[in-house]
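Notes to accompany the following structure.
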Amino acid sequence: MCTLSGQHDETTGHILWECPFARNTWALVRGKIHKSSSEAPCFYLLARQMLDRLPKKEMEVWAMTAWSLWTARNKFHFEQVQTPPTLIFRRASSLLDEYQRLMATLPA
């Protein structure tokens, strides 16, 4: 059973994409990501669909947001602390900014 919604089986695809909690987080993301309608039977297929649909910059946003959602799920599951979608999105954005700054400093 889904740790966050208590409504569906807790698959990776559900936690990262289909869960109402995840959908509320994705709704904060600009671009094609939140407009993508796809079912996510497993993480591999979800990631593959996103790789096929999204430009590189949006894929980076997707990856950081997915990681932040999974981290929030674990925090709720193990510590009973629920992170609001706005904070999940801000953390994902901050991590992505740090990653992009680091990548800009590396030699080509």
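Position 36 of the sequence shown, counted from 1, bears residue number 721 in the numbering used here, the numbering being contiguous throughout. Note that the Cβ used here is the ideal one computed from N, Cα and C, for glycine as well.
Helix, strand or coil at residue i [DSSP, three-state]
i	result
Ala793	coil
Arg776	helix
Gln767	coil
Gln692	coil
Gly716	coil
Met686	coil
Pick from the options that is closest to residue i, judged by C-alpha positions
i	options	result
Val714	Pro792, Met788, Arg776	Arg776
Gly716	Val746, Pro705, Cys727, Ile700	Val746
His693	Pro726, Ile718, Ala712	Pro726
His699	Asp782, Leu754, Ile773, Lys742	Leu754
Ala748	Pro769, Glu764, Asp782, His762	Asp782
Leu772	Gln734, Trp702, Phe706	Phe706
Met788	Leu730, Thr696, Lys742, Val766	Lys742
Phe774	Thr756, Gln734, Thr697	Thr756
Extent of the continuous alpha helix (DSSP H) to which residue i belongs
i	result
Val746	741-764
Ala707	705-711
Met735	728-738
Is there contact here, the stretch 737-745 with the stretch 688-705, by at least three beta-carbon pairs under 8 Å?
These segments do not touch.
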